[in-house]
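Below is one structure, written out as C-alpha cells, with a few remarks after it.
Chains as they are written, first to last, in the working numbering: chain A, 1 to 210; chain B, 1001 to 1149.
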C-alpha cells in the first residue's frame, strides 16, 4: 500500500502529470453531479403553443383551488398542463377536470380534453365534454356528454348549443342544446329530445339474456 | 300487445328537464311516449325512475287538450283509446290510471268517470266518480250482434 502511495507521489510531482490529474478529478466531479440529476422527471416542454401570444408561465399536473368572494372553496380545477398567456389573460388547460360545489353543496364533475379559463371567470371546455351531477343518495349516476360547454362560475350555470346525450343506467336521451343550473340541480335539454328507457321487465330481461 | 310490456319505452318531445335532486325527468312540448303499440300523447310527461334507474312510472298531463292514450290489447281485438286530464302509467303493474274527465273507448263500448283504472293485459276496468259527486260513471256496452241479425 505504501509502495502505491509512493509511486502516486512520484507521478504527481511531475508538472504535466499534475495537470492531467486535475482534469481527471474535474471530470469525475462533473460525472458525479450529472449522476445526481434526477432523470425520472420528463424534460420541460421545449415548445409551448404560441396561439395566444407568448405564455409567461405553465404548470404541469396542476391543481387550482378557487374560492368565491365569501371565501368558500367552490371549485377545484386539475390539468395535465396549465399555460397562462398574459396578452389575452387566458389560461389553457390540457385534460381539465373540474370539481364544482354549488351553494347547497351539490357536487358536479366536469371533464374534457381541452379547456380554457377566461378573463370573466368563465371556463370553456371542448372535446369529449362530460358533465356529471353527483348524487350520493342515488344508485346510478347520470352523465351528460357534448362537444363544447361554457361554465359560468359566477352564475353557476353551464350551457351549450351543441348535440347532447344524457345517459344513465337504464336510460339514454339525446337532444340539442343544454342549460344546467348547478345551484338548483336542474338540467334542461333544449330541443329535439328523444329518449329510451328500460322498464323493470326490460331491464330484468336484459340481465337474464346470456 | 302482451309482449309490448317487455319493450323499452321511447319518448320524444321538444324539451326535457332533469331534476337531479329528485332524479326525475320532465318532458314538455308535443310529448309522445310509446311502448310497442301503447302510445301516450300529452303536453308534459314526468318519468320516475327506480333505484337502479329503471322506469317505474310515467305521468302524462294535459295542457290545453286532454292527454291521450291508445293501445292494441290483442291482434284480434279493437283498439283501446282513452282521454283524461292525467294518465298515470305504472309499467310494473301493467296499470293505467286516468284521472279527470276520464273516457275510455273500445270498439262500440265506452266508459266515462272521474277516475278509470285500466289493466293493459287483463283489460279489467275500474271506474270511480269524483268525491264531490260530479262526473258520475257512465258505461255504454253495445251487445255483440250474433250472426244473422
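The C-beta atom is built at its ideal place from N, Cα and C for all residues, glycine as well.
In the structure shown, what three-state DSSP assignment does residue i receive?
i, result
"residue 18 of chain A", "helix"
"residue 1091 of chain B", "helix"
"residue 1137 of chain B", "coil"
"residue 1004 of chain B", "helix"
"residue 1075 of chain B", "coil"
"residue 29 of chain A", "helix"
"residue 23 of chain A", "helix"
Compare the C-beta of residue i against all C-beta atoms of chain A and say whether one is closer than 8 Å.
i, result
"residue 1053 of chain B", "yes"
"residue 1016 of chain B", "yes"
"residue 1012 of chain B", "yes"
"residue 1032 of chain B", "no"
"residue 1009 of chain B", "yes"
"residue 1213 of chain B", "This structure cannot speak to residue 1213 of chain B, because chain B is shown only from 1001 to 1149."
"residue 1019 of chain B", "yes"
"residue 1027 of chain B", "yes"
"residue 1024 of chain B", "no"
"residue 1047 of chain B", "yes"
Count the other C-beta atoms from every protein chain shown that fall within 10 angstroms of the C-beta of residue i, then say buried if there are 16 or more, exposed otherwise.
i, result
"residue 96 of chain A", "buried"
"residue 1051 of chain B", "exposed"
"residue 1114 of chain B", "buried"
"residue 24 of chain A", "exposed"
"residue 160 of chain A", "buried"
"residue 142 of chain A", "buried"
"residue 1004 of chain B", "buried"
"residue 34 of chain A", "exposed"
"residue 1074 of chain B", "exposed"
"residue 248 of chain A", "Here chain A comprises residues numbered 1 to 210, so residue 248 of chain A is not present and cannot be evaluated."
"residue 1099 of chain B", "buried"
"residue 168 of chain A", "buried"
"residue 1080 of chain B", "buried"
Between which two residues does the beta strand (DSSP E) containing residue i stretch?
i, result
"residue 1019 of chain B", "1015-1019"
"residue 1112 of chain B", "1109-1119"
"residue 212 of chain A", "Outside the shown range of chain A (1 to 210) lies residue 212 of chain A, about which nothing can therefore be said."
"residue 1028 of chain B", "1024-1035"
"residue 107 of chain A", "107-111"
"residue 66 of chain A", "57-67"
"residue 194 of chain A", "186-197"
"residue 1060 of chain B", "1055-1061"
"residue 52 of chain A", "Residue 52 of chain A -> no beta strand (DSSP E), and no H or E assigned at all."
"residue 133 of chain A", "122-134"
"residue 1066 of chain B", "Segment: none, residue 1066 of chain B is in no beta strand (DSSP E) and carries neither H nor E."
Check whether the Cβ of residue i lies closer than 8 Å to any Cβ atom in chain B.
i, result
"residue 165 of chain A", "no"
"residue 173 of chain A", "yes"
"residue 188 of chain A", "yes"
"residue 87 of chain A", "no"
"residue 193 of chain A", "yes"
"residue 102 of chain A", "no"
Pull up the CB-CB distance for residue i and residue j, whole angstroms please, since I reckon it's below 8 Å.
i, j, result
"residue 199 of chain A", "residue 1009 of chain B", "6 Å"
"residue 147 of chain A", "residue 174 of chain A", "Residue 147 of chain A to residue 174 of chain A, Cβ: 13 Å. No contact."
"residue 180 of chain A", "residue 158 of chain A", "4 Å"
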